[in-house]
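Numbering (our numbering), first residue to last: 637 to 1022. In this text, a Cβ means the ideal position worked out from N, Cα and C, and glycines have one as well. Bear in mind that the values here come from a model prediction, so they are computed numbers and not experimental data. Since the structure comes first, as structure tokens, the remarks are kept for the end.
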């Protein structure tokens, strides 16, 4: 029999260092309150920012699509897996982002792999923020292009790379809202540098899509920069309450991905139900100004309350609010105690964040009530006073 002791030993080491992960099973719809093991918990670690995961219109759209088209697409997009709702969703996304075309993938992770391992090529340079999402880092590592990293404030370092004549083309890649810190990329400065050095700017709006901008297109729309971004990546799995990722850009870019991107070519298309649900979610998001307003109000209110407790919320200015604890064990203990008091907030530890920066990552939702926000703050006060 094959010996897996090397795996068992590594798992034991993860447990010893308080880095072992175990999924928690939820037995209800995703909302501000969920059920786990027959107990209600206020949910503060979900990406369901606009509370659309259980939206009745979206569910109805998915059911209607299943009644008409069935559930599975049963093939890759280039065989027989492209079905009408896929095209309708892509057209709606292209229009929303003011781009010529868009392309949908089964996940946001696959979207980043497809874009960064297909568009930048040998002899090119990919410039990444050090705190970009793992899917961006993994994609760059697997690209034929070289990649270098910078910190979001190191514009002199970015400019040094952009000024180099060593590379054919340069691609700046950043999240618009950083997923672990909840702060923003300086898109205005990056657009300025992109123009100065004739570089390409790729933005991942995963955590801003739906939550920012007049129509919910994200931070670039909020800043009036949509037309300055060469390639926009985002996901349907967060504020839209569905699943999958997408890219919006010039038609030639999308056509090139269709023909060259392995994550698109060699995978079964996402379900028709999900595409129909996504289309419905996009229409809701475009008119969800009230939800976006409540989300910001909730986040600002909670962040100030947390600061009054003397907690370190880092550089957060969005609906993602870290409470940086530092020690892995202590962060886990606080998370468990909050769970016992009816609040589900996950402990984020290395390698997701840097060693010594373990944290509670609080995700605010538009439908969180003031009572729920105050309840979390009070529970944290009690836990920390012990």
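Item to complete: Would you please state the rounded distance, in angstroms, between the beta carbons of residue 682 and residue 819? I believe it to be under 8 Å.
Response: No, residue 682 and residue 819 are not in contact; Cβ-Cβ is about 20 Å, not under 8 Å.
Item to complete: With a threshold of 16 other CB atoms inside 10 Å of the CB of residue 768, please say whether the residue is buried or exposed.
Response: buried
Item to complete: Could you check which residue in 861, 752, 826 and 986 has the C-alpha nearest to that of residue 783?
Response: 752
Worksheet item: Which of helix, strand or coil does DSSP assign to residue 971?
Response: helix
Item to complete: Would you give the residue range spanned by the alpha helix (DSSP H) that residue 914 belongs to?
Response: 908–922
Practice prompt. Assuming residue 709 and residue 908 form a contact by the criterion Cβ under 8 Å, report the distance between their Cβ atoms to the nearest whole angstrom.
Written response: 6 Å
Item to complete: Give the single residue among 798, 938 and 845 whose Cα lies nearest to the Cα of residue 874.
Response: 845
Worksheet item: For residue 726, which of 1014, 992, 1007 and 886 has the nearest alpha-carbon?
Response: 886
Worksheet item: Can you find at least 3 beta carbon pairs, one from the stretch 900–915 and one from the stretch 850–866, that sit closer than 8 Å?
Response: no
Discussion item. Give me, in chain order, the residues of the same chain whose beta-carbon lies closer than 6 Å to that of residue 721; leave out the 5 immediate sequence neighbours on both sides.
Written reply: 701, 908, 911 and 912
Item to complete: Would you tell me roughly how many angstroms separate the C-alpha atoms of residue 686 and residue 640, rounded to the nearest one?
Response: 43 Å
Worksheet item: Going by other Cβ atoms of all chains shown within 10 Å of its Cβ, with 16 needed for buried, is residue 755 buried or exposed?
Response: buried
Practice prompt. Give the range of the alpha helix (DSSP H) segment to which residue 652 is assigned.
Written response: 641–652
Item to complete: With a cut-off of 8 Å on the beta carbons, I'd call residue 920 and residue 688 a contact; round off their distance for me.
Response: 6 Å
Worksheet item: To which residues of the same chain is residue 814 closer than 6 Å at the C-beta, ignoring the five residues directly before and after it?
Response: 767
Worksheet item: Alpha carbon to alpha carbon, how far is residue 704 from residue 851?
Response: 30 Å
Worksheet item: Could you give the uninterrupted runs of the alpha helix (DSSP H) lying entirely in the stretch 850–888, keeping only those of 4 residues or more?
Response: 855–858
Item to complete: Decide if residue 889 is buried, meaning its Cβ has at least 16 other Cβ atoms within 10 Å, or exposed.
Response: buried
Worksheet item: Who are residue 995's beta bridge partners in DSSP?
Response: 960 and 984
Worksheet item: Does at least one heavy atom of the ligand PLP sit under 8 Å from the Cβ of residue 942?
Response: The model depicted lacks the ligand PLP and carries no ligand whatsoever.
Practice prompt. Can you tell me which of 742, 675 and 988 puts its alpha carbon nearest to the alpha carbon of residue 660?
Written response: 675
Discussion item. Considering only the alpha carbon of each residue, which of 799, 817 and 989 lies closest to residue 830?
Written reply: 799
Worksheet entry | 3 or more residues per run - each beta strand (DSSP E) lying fully within the stretch 714–764 | 737–741
Worksheet item: How would you write the range of the beta strand (DSSP E) that residue 669 sits in, first residue to last?
Response: 669–672
Item to complete: Go through its chain and collect everything with a Cβ distance to residue 719's Cβ below 8 Å, but skip five positions before and after it.
Response: 705, 709, 905, 908 and 911
Worksheet entry | Status (buried if at least 16 other CB within 10 Å, exposed otherwise) for residue 940 | exposed
Worksheet entry | Minimum C-alpha distance to residue 758 - residue among 771, 781, 638 and 808 | 781
Worksheet item: Among 690, 652 and 646, which has the Cα closest to the Cα of residue 664?
Response: 690
Worksheet item: Between which two residues does the alpha helix (DSSP H) carrying residue 696 extend?
Response: 692–705
Worksheet item: If you drop the 5 nearest sequence neighbours on each side, which residues of the same chain put their C-beta closer than 6 Å to that of residue 836?
Response: 807 and 866
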